[in-house]
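Counting along the sequence shown from 1, when you hit position 509 you're at 517 in my numbering, and nothing is skipped either side.
The block underneath contains the structure these notes are about, expressed in structure tokens.
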Amino acid sequence: MRRRAAEFRRPIRRKLSYGICFLLGAFSVVGLVLFFLQHNYHEDRVKHPLLEGNKNVEHFAKDRLNFTEEISSATSFSRQLAEEMVLAKAYVVIAKEHNNLHLAWELSSKIRACQLLLSKAAMAGRLVTKEEAEPIIKSLSSLIFKAQDIHYDIATTIVTMKSHIQALEERAIAASVQSNVFAQISAEALPKSLHCLDVKLSADWLKKPSLQKLSDETRNSLRLTDQNLYHFCIFSDNVLATSVVVNSTVLNAEYPMQLVFHIVTDGVNYGTMQAWFLGNDFKGATIEVQNVKDFHWLNESYSPIVKQLLNSESRAFYFGAYPDVNPEPKLRNNKFLSLLNHLRFYIPEIYPQLEKIVFLDDDVVVQKDLTPLFSLELHGNVIGAVETCLEAFHRYYKYLNFTNSIISSKFDPQTCAWSLGMNVFDLIQWRKSNVTAVYHYWQEQNANGTLWKLGTLSPALLSFYGLVEPLDRRWHVLGLGYDLNIDNRLIESAAVIHFNGNMKPWLRLSISRYRPLWHKYINQSHPYFQECAIG
């Protein structure tokens with residue numbers, strides 16, 4: 009077969025290629041248009057991603073109901089139900105008092121139905137409809153009318169409710185008193201962990217003659233009376249608390265080896281204290297432990313407080329029934345019967361060779377170097393203390409009975425009170441002013457307990473009257489044993505923080521926010537602390 013000439017075949021190939029190009033071009037144009045549209049759609053989504061969500065939220069917000077506003081609206085069914093329910097509850101009480109148990113049961117049943125309906129509406133965030141509310145309102149109204157019809161009128165209701173309110177108030181007062189009593193008992197109780205520590209240390213003292221030999225050497229140390237050293241005194245029967253006071257003072261001191269601690273405890277805890285402080289190192293500080301029973305000069309013939317503490321009525325007040333008085337629970341704390349609590353008034357006689365000393369309570373924590381206290385100028389005063397009258401009620405009239413002429417004739421009730429617990433004493437001025445004799449005078453005047461309540465602050469306010477040098481507030485911050493809202497900046501700036509109050513840091517009922525400030529000065533690595541689960 010004869011092939012066509014080339015010139016006749018070329019036009020056909022061109023036609024075919026033109027068609028393919030046309031189709032490809034069309035598809036490209038369509039693709040570009042689709043791409044452009046899709047790109048714009050995504051761009052809008054990126055630029056306004058929350059648009060649809062906002063619409064949904066707005067729609068949801070419109071659908072949701074503020075149930076508080078709804079129940080307070082005068083025209084709402086929710087409010088009508090709530091009011092009917094309150095009235096029905098009052099009639100339940102009255103019906104029970106009149107032994108009409110069937111009516112009380114009917115009312116209670118409708119009250120539960122009402123509560124259920126209101127609860128469901130609140131959870132769903134919707135209005136209570138007329139169809140839902142009407143049957144309950146009608147039935148409650150019918151029962152209330154029935155109660156009124158059997159003479160449970162408004163007057164009876166008011167009288168009954170008043171008696172119930174009075175009874176509830178009396179129960180609330182009784183519960184509050186009981187709570188205070190239980191809190192006081194908890195505060196006075198010795199935790200099991202501390203008892204465990206006391207037992208182990210007492211055993212060490214009895215079984216290790218080397219400790220007793222070391223104690224004799226410490227007793228004869230010349231450092232105990234060296235005026236060039238810094239002397240601190242602590243009177244306590246709590247070895248763990250005393251250890252924290254000593255440890256925190258030493259760790260925050262610039263020159264700990266220049267510190268001397270004079271600890272006085274009772275006969276029960278003497279061996280415990282000796283074993284602990286002789287068996288542990290406190291960065292070279294000197295520590296003396298004395299037994300209050302060795303102070304033979306402190307007896308009934310010399311000290312009015314000793315005579316009062318040994319009085320049978322005083323002991324009955326603390327340890328037995330005392331029907332004639334009803335004091336605050338905190339005043340029944342038997343620490344007031346401990347002579348250790350009153351030793352602060354005999355410091356010059358306990359340390360006759362010292363000229364200046366800082367007194368620390370066993371519930372304080374030292375956060376800064378206290379040696380600058382010894383160079384403070386007291387301007388001829390006996391005691392340096394932080395004043396507490398920033399709060400209006402911490403004035404003399406709060407602590408003393410100004411209805412008694414002995415007090416009112418000698419003191420101004422608006423005089424600013426001050427704090428015990430961290431005080432610097434000029435013992436030379438103390439001896440010149442004969443403060444201990446003044447203290448004895450006031451204790452004798454208060455033998456019948458009419459001038460002040462129990463404790464040591466009130467007699468201190470009288471004995472040191474006019475002899476107090478105010479210290480900067482940052483030296484001594486109080487309240488960590490009862491006040492939940494002390495400013496953190498004040499705590500951080502304080503040289504000494506004081507856990508005065510029932511919530512002591514070694515008790516379970518302590519305030520958790522402040523507890524670490526005390527616990528960080530416990531030697532957690534000591535085997536006895538681990539065995540007794542302390543910390």
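C-beta: ideal position from N, C-alpha, C; glycine also.
- Nearest to ILE415 by alpha-carbon distance, out of TRP460, VAL446, LYS291, is TRP460.
- In summary, GLN174 is exposed, with fewer than 16 beta-carbon neighbours lying within 10 Å of its beta-carbon over all protein chains present.
- Between the C-alpha atoms of LEU428 and ASN277 there is a straight-line separation of about 24 Å.
- The Cβ atoms of LEU398 and ASP245 do not sit closer than 8 Å to each other.
- In the structure shown, GLY429 falls within a coil segment according to DSSP collapsed to helix, strand and coil.
- Excluding residues up to 5 positions away in sequence, PRO312 lie with their Cβ nearer than 6 Å to the Cβ of GLU452 in the same chain.
- Beta-bridge partners assigned by DSSP to GLY392: VAL432, GLU477.
- Residue pairing from DSSP leaves ARG179 without any beta-bridge partner.
- In this structure, the CA atom of MET511 is about 32 Å from the CA atom of PHE303.
- Going by beta carbons, SER201 and ILE542 fall inside the 8 Å limit.
- GLN88 carries a helical assignment under DSSP once its states are collapsed to helix, strand and coil.
- Counting the other CB atoms within 10 Å of its CB gives ASN228 a total below 16, which places it among the exposed residues.
- Looking from the CA of MET281, the closest CA among LYS315, ILE242, ASN307 belongs to ILE242.
- Excluding its 5 nearest sequence neighbours in each direction, SER518 has C-beta neighbours in its own chain below 7 Å: MET511, LYS512, listed in chain order.
- Put simply, the backbone Cα of ASN409 is about 29 Å away from that of ALA180.
- Annotated as proximal: LEU111 and ALA155, with beta-carbon spacing under 8 Å.
- DSSP places THR273 outside any alpha helix (DSSP H); the residue lies instead in the beta strand (DSSP E), whose first and last residues are 267-273.
- By the criterion of a C-beta distance shorter than 6 Å, TYR359 is surrounded by no residue of its chain, once the five residues flanking it on both sides are discounted.
- DSSP places CYS241 inside the beta strand (DSSP E), whose first and last residues are 238-243.
- Using a C-beta cut-off of 8 Å, the region 258-271 makes no contact with the region 382-396, since fewer than three inter-stretch Cβ pairs fall below that distance.
- Its chain contains no residue whose beta carbon lies nearer than 7 Å to that of LEU230 once the 5 sequence neighbours on both sides are disregarded.
- Shown here, ILE542 sits in coil according to DSSP, grouped into three states, outside any helix or strand.
- DSSP places PHE353 within a helical segment (H, G or I) once states are collapsed to three.
- For THR294, the three-state secondary structure derived from DSSP is strand.
- In the displayed model, LYS170 falls within a helix according to three-state DSSP.
- The residue among THR233, TYR354, LEU465 with its C-alpha nearest the C-alpha of GLU296 is THR233.
- PRO478 is the residue among LEU248, PRO478, GLU114 whose C-alpha sits nearest the C-alpha of LEU384.
- Distance check between LEU222 and each of SER127, GLU178, PHE285 places PHE285 closest, using alpha-carbon atoms only.
- In the DSSP assignment, LYS200 falls within the alpha helix (DSSP H) that extends over 200-215.
- Residue state for ASN299 is assigned as strand, using DSSP reduced to three classes.
- Nearest Cα to LYS128 within the set ILE494, SER86, LEU259: SER86.
- Sorting MET93, TYR473, ASN288 by C-alpha distance to the C-alpha of ILE119 places MET93 at the top.
- If only complete runs of 3 or more residues are kept, the region 436-503 shows the beta strand (DSSP E) at 476-478, in order along the chain.
- Sixteen is the threshold: when 16 or more other Cβ atoms of the shown chains lie within 10 Å of the Cβ of ASP369, as they do, the residue is buried.
- Short of 7 Å from the beta carbon of GLY292, and not among the five residues preceding or following it, lie these beta carbons of its own chain, in chain order: PRO264, MET265.
- Comparing C-alpha distances from ASN508 to each of GLU177, SER147, ALA249, MET131 shows the shortest one belongs to ALA249.
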